[in-house]
Structure formats: C-alpha cells, structure tokens
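**Student:** Below you will find the structure I want to go over with you.
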Amino acid sequence: EVPELPRNVKIRKWMPQNSILAHPNVKVFITHGGLMSKIEAIYHATPMIGVPLFGEQNSNVAHSVHEGIAIKLLISELNEDNLFDAISKIINDSSYSEKIKKKSVLLRDQPMKPIDTAIYWAEFVMRYNGSKHLQNKGMSLYRFQNLLLDVVLVFIVVIVSI
C-alpha cells in the first residue's frame, strides 16, 4: 500500500493496458519496453518513457529512442526528478507526439484487419493440407546439416590437409 496517492493514480495487479492507451487523455506511457507494449503504444500514438528491466526490453526501448518516440530511464537511476523531467519533455516537445502519430498511421494502414489476416491464413493452410510449400526447408534437413556440421567438417579437412 502506498499512502496519499493522488486521485488520478491507481495501483492494481492488472489493468487493461490497450484500453487505457486508447483513452484520449493518456499523453505518456511509462513502460518496461516489451514488444506488445511498444506496438500498443504506437497503435494508439502514445509516446513512451521506457524503463527496461530484462530481455529484449532494452533493445526495444533503445530502438524507440532512436525513432524519437520514447525516452529511456534506467531503473537504477529512476527518481522523482528524472521521471518528472522525462514526462515534461515528452509533453512539451511536440516532436515525440508528431513522430509517433506518423508511426501509428503506418501501423494502422493495412490491407486487411489483423483478425481477417489471421482467418485468411488459417483457411489457406486448411485449403492446402498444411501448406507444405510454405514451411521452412530447414525443417527437413538432417540434424548434422541443420547444425552446419557438414560445413564445419569440410573446413576441418581443408585445414588439416594444409
């Protein structure tokens, strides 16, 4: 429990992130930088403050910073002042919202809705009995070929014979 929270601050175990990001009053999204969070933020044109914790989050946040749609803060250096500064910068510097709005338009501009795409490909696979022609040819390689041991063996033979 955190005492004396402002009325607009809610602490919950889970919240519908996508629905919250869709609200027009959301101006900044503080995120760990997971891929789905990034996609949802871009979809709803909400600039981000990324606080990566592990895994791919660091590279996702770094990429978002490079694109000009996020600010990165390290969890080890996170405090009230630098969080306030990051929020203020995103709110006051219109380049963040302009860039993410452009990315949102690109993300939303699809020939079919994602659910229609999923249905199309599911039906396609059923129509063509598993669509073997779309499967990766590497799936049919022998294990030693998949690990490139045949190539390594050739190099070893060449090096030993020299």
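Residue numbers (our numbering): 1057 to 1218.
Quick reminder that beta carbons are idealized off the backbone N, C-alpha and C, glycines included.
(1) Which one of S1196, P1170, Q1201 and Y1099 has the shortest CA to CA distance from L1163?
(2) For S1115 and N1148, what's the separation of their Cα atoms in angstroms?
(3) Starting from the C-beta of S1160, find all residues in its chain whose C-beta is less than 8 Å away, skip the five residues before and the five after it, and write them out in chain order.
(4) With a threshold of 8 Å, are at least 3 pairs of Cβ atoms found where one atom belongs to the segment 1072-1087 and the other to the segment 1134-1152?
(5) Please confirm if N1064 has its CB atom under 8 Å from at least one CB of chain B.
(6) With C-beta atoms as the reference, is G1124 less than 8 Å away from S1151?
(7) Assuming G1111 contacts A1126 (C-beta within less than 8 Å), just tell me the rounded distance between them.
(8) Output the boundary residues of the alpha helix (DSSP H) element that contains A1178.
(9) DSSP on G1186, reduced to helix/strand/coil?
(10) If you follow the beta strand (DSSP E) that A1101 is in, where does it begin and where does it stop?
(11) Out of S1132, R1199 and V1181, state which residue places its alpha-carbon closest to the alpha-carbon of Q1191.
(12) Applying the 10 Å Cβ sphere with the 16-neighbour rule, what's the burial state of S1217?
(13) For a test of the three-state rule: what should DSSP assign to I1125, helix, strand or coil?
**Tutor:** According to the structure shown:
(1) Within the sequence shown, numbered from 1, the residue matching residue 1163 stands at position 107. Nearest Cα to L1163 within the set S1196, P1170, Q1201 and Y1099: Y1099.
(2) Counting from one through the sequence shown, the residue named residue 1115 turns up at place 59. Counting from one through the sequence shown, the residue named residue 1148 turns up at place 92. Rounded to whole angstroms, S1115 and N1148 show a C-alpha spacing of 25 Å.
(3) Counting from one through the sequence shown, the residue named residue 1160 turns up at place 104. Non-local beta-carbon contacts of S1160 in its own chain, meaning distances under 8 Å to residues more than five positions away in sequence, involve I1098, Y1099, H1100 and A1101 in chain order.
(4) Yes, the segment 1072-1087 is in contact with the segment 1134-1152.
(5) As a matter of chain content, chain B is missing from the structure shown, which is built from one protein chain.
(6) Position 68 of the sequence shown, counted from the start, is the residue given in the question as residue 1124. Position 95 of the sequence shown, counted from the start, is the residue given in the question as residue 1151. Yes, these two residues count as a Cβ contact at 8 Å.
(7) As a working note, residue 1111 is residue 55 in the sequence shown. As a working note, residue 1126 is residue 70 in the sequence shown. Not confirmed; about 17 Å, so no contact.
(8) Here residue 1178 is taken as the residue at index 122 of the sequence shown, counted from 1. For A1178, the enclosing alpha helix (DSSP H) begins and ends at P1170 to R1183.
(9) Working through the sequence shown from its first residue, we reach residue 1186 at position 130. In the structure shown, G1186 falls within a coil segment according to DSSP collapsed to helix, strand and coil.
(10) In the sequence shown, counting from the first residue as 1, residue 1101 sits at position 45. Per DSSP, A1101 is not a residue of any beta strand (DSSP E), being assigned neither H nor E.
(11) One-based indexing of the sequence shown puts residue 1191 at position 135. Residue V1181 is the option with its Cα nearest to Q1191.
(12) Stepping through the sequence shown from its first residue, residue 1217 is reached at position 161. Exposed.
(13) Along the sequence shown, read from residue 1 onward, the residue named residue 1125 stands at position 69. In the structure shown, I1125 sits in coil (DSSP, three-state: anything other than H, G, I, E or B).
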